[in-house]
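Shown next, in C-alpha cells, is the structure this report addresses.
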Amino acid sequence: MRLITHNMLQCHVKGCTTNNFPLQIQDAELETLEAEFNPGFVQRLIPKLHWGALYHTAVSLGIEDLPEQMPEEVTEDLLRAIHKVALETRVKEGKAVCLGCGHVYPISNGIPNMLLQDNEV
Amino acid sequence: MSGGLPTPEIGHITRSDYRNVYEPAEDTFLLLDALEKDGDWLRRRSPTLALEVGCGPRRQPCEHAIDRPRCADVVHGWRRSGSGCVTAFLGQVLGASSALYLCTDINAFAAAITAKTGAVNKIPVDSIVTHFAVGMQQRIAGAIDVLVFNPPYVVTPSEEVGSRGIEASWAGGVDGREVIDKFLPLVPKLLSPQGAFYLVLIKENRPAEIMQHMQDEYGLAAEIVLHRRAGYEGLCIARFWRPGTVEKQ
Ligand SMILES: C[S@@+](CC[C@H](N)C(=O)[O-])C[C@H]1O[C@@H](n2cnc3c(N)ncnc32)[C@H](O)[C@@H]1O
Ligand SMILES: [Zn+2]
C-alpha cells in the first residue's frame, strides 16, 4: 500500500462515523519503490489528496519531507516531495487501525484488506 | 486483438496460481480492445484516477474458445492475459506515470497477483482487497475518471453468488445480473464529471435494458463500444458517461 492509497481508505464498520479517517498505520515495515516522476500528474493529484492525512501519516512513519500546510505556490520541489512520499513510499506489512472504533485492517504483502467479517458489516 | 499495444506480460503467473483465480478469455480481450479503441477519447480527458473493480484474473469453463487461436494461446502460454491484466493494459494506454491505478477484488489472492502483474509490466498498480469500492468510496466519490468492471455475469443459481472464492469470478445469479445490479448505483457516485465506466456484459444480462436504466435513473449516456459473438456468450463492452462532458469522436 503506497501512502497515496492509504490517503483514500476510511473505516466502514457499521456505526463508526467519527474519527474514521485517516487510519493509523501501526507496526509498519516500509519500502521504497521507484516511480517515474511526472509533474503534471502530481499536480492533478493534489486536489484529490487529503493534505492533513498525508502529512500526519508521513510524520507518524518518520517521514519529514512535507510541509504541514499545503503551500500556496506549487514548486517543483513540492511536487517532488509529494511524489516521493505519496507515490514511492509503500507499507509492505503492518496494520491500518481505525482511531474511531479500533478496527484493525491488516496490510500484508503490500495489500490492505478492507473486508470485514460477516458479523461486522 | 489489440493491434498496437502489446498485451501485458503475465509470465509470472504460474499454472498453480490459476487454480485459485480466473483464467483469461474472450471477455478480457474484448475489454482490452475496447480500451485501446477508446484510447484517444480517454487521453483527451487527462484521467487522473482509474479504478478497476474485480481485477482478479478469470477462471471459467471456456471450451468454446479453446479452438480459437488467441484463447488457445492464453490457455497454454499464459502470456496474453491474467490478473491485473486489464489495468496493466490501461496503464499502457494512458501512460504509466499519468494516472493512479487502483484495483480491487474480494479475492485476496487475485489482489496479490494483480500487484505483481503491475510490477512486471512497470505500471504502478495499487490493489486493495474489498467488496466493490467499500472503504474507499467516501474519499474517491466523484473522482474516478476511468472505472472498469468485468463482473461475474454468468447465469447461475442465486446461491452461488457472493462467495469470496473462485465462484465469485463468474457466478452472476438470476440473468447473471445479481452482482451487476448491486454495483450500478455506485457508478454515478464514483464517476468524476468527465469519467467513463466500462462494463463487460453478455446478452443474457440484457445490455439494452441496463443502458436504458442508467440513462433514466442517473442520466448517464451509454454506448456499446464493442461486441463480439464468442461462443454462446454474446459479449459486449458498454461505456457509460455523463453526457455533455464528453464530445463524440
Ligand atoms: C469475470 S472476473 C474478471 C477478471 C479480470 N478482471 C478480467 O477482466 O479478465 C470477475 C472478478 O471480479 C471479482 N469480484 C466478484 N465480486 C466482486 C465484488 N463484489 N467486489 C470486488 N470484486 C469482485 C472476482 O473475484 C473476479 O476476480
Ligand atoms: Zn472505525
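Those protein sequence lines, which keep their order, are chains A and B. Counting with our numbering, you get residues 1 to 121 for the letters of the first sequence. Counting with our numbering, you get residues 122 to 370 for the letters of the second sequence. No residue lacks a Cβ here, since even glycine has one placed at the ideal position from N, Cα and C. Just so we're clear, the structure is a prediction, and the values are computed from it rather than from any experiment.
query                                                                                                                                       : result
Closer than 7 Å to chain B by CB, residue 17 of chain A                                                                                     : no
Residue environment, residue 226 of chain B, which counts as buried when at least 16 other CB atoms sit within 10 Å                         : buried
Cβ-heavy atom distance, residue 103 of chain A to ligand 2, below 6 Å                                                                       : yes
Test item: CB-CB of residue 255 of chain B and residue 12 of chain A under 7 Å                                                              : yes
Heavy atom of ligand 1 within 6 Å of residue 207 of chain B beta-carbon                                                                     : yes
Nearest-angstrom beta carbon gap, residue 261 of chain B and residue 172 of chain B [assumed within contact, 8 Å]                           : 7 Å
Cβ-based burial, residue 17 of chain A [other Cβ within 10 Å; buried from 16]                                                               : exposed
Cα-Cα separation between residue 163 of chain B and residue 157 of chain B, rounded to whole angstroms                                      : 9 Å
Positions along the segment 153-174 of chain B whose CB lies within less than 8 Å of some CB in chain A                                     : 167, 169, 170
Top-ranked residue by Cα proximity to residue 300 of chain B, from B:309, B:283, B:313, B:287                                               : B:283
Same chain only: Cβ atoms within 7 Å of residue 168 of chain B, ignoring 5 sequence neighbours per side                                     : 215, 220, 266, 267
Neighbourhood of residue 56 of chain A by C-beta, 8 Å cutoff - its chain only, sequence neighbours within 5 removed                         : 22
Beta-carbon contacts of residue 15 of chain A that lie in its chain and below 8 Å, excluding the five residues immediately before and after : 101
Contact check, residue 104 of chain A vs residue 92 of chain A, beta carbons under 7 Å                                                      : no
Inter-residue spacing [alpha-carbon to alpha-carbon] between residue 160 of chain B and residue 212 of chain B                              : 11 Å
Own chain, CB closer than 7 Å to residue 27 of chain A, minus 5 neighbours either side, in chain order                                      : 94, 95
Ligand 1 heavy atom lying under 6 Å from the CB of residue 271 of chain B                                                                   : yes
Burial state of residue 370 of chain B, where buried means 16 or more other Cβ atoms lie within 10 Å                                        : With a pLDDT of only 40 at residue 370 of chain B, under the threshold of 50, the placement of this residue in the model should not be trusted; the figure read from the coordinates follows. It counts as exposed.
Residue from B:154, B:250, B:342, B:330 whose Cα sits closest to the Cα of residue 126 of chain B                                           : B:154
beta-carbon residue 277 of chain B near ligand 1 non-hydrogen atom, thresh 6 Å                                                              : no
Local conformation of residue 113 of chain A per DSSP, three classes                                                                        : strand
Proximity below 7 Å, CB of residue 290 of chain B to CB of residue 273 of chain B                                                           : yes
Residue 279 of chain B versus residue 270 of chain B: straight-line alpha-carbon distance, rounded                                          : 20 Å
Under 8 Å from the C-beta of residue 250 of chain B: neighbouring residues of chain A                                                       : 111, 112, 113, 114, 115
Three-state secondary structure (DSSP) of residue 250 of chain B                                                                            : strand
Within 7 Å, strictly: CB atoms of residue 204 of chain B and residue 149 of chain B                                                         : no
Ligand 2 heavy atom lying under 6 Å from the CB of residue 295 of chain B                                                                   : no
Residue 251 of chain B, buried or exposed, once every other Cβ within 10 Å from all chains shown has been counted against 16                : buried
Proximal residues to residue 71 of chain A (C-beta, below 8 Å), its chain only, five neighbours per side dropped                            : 78
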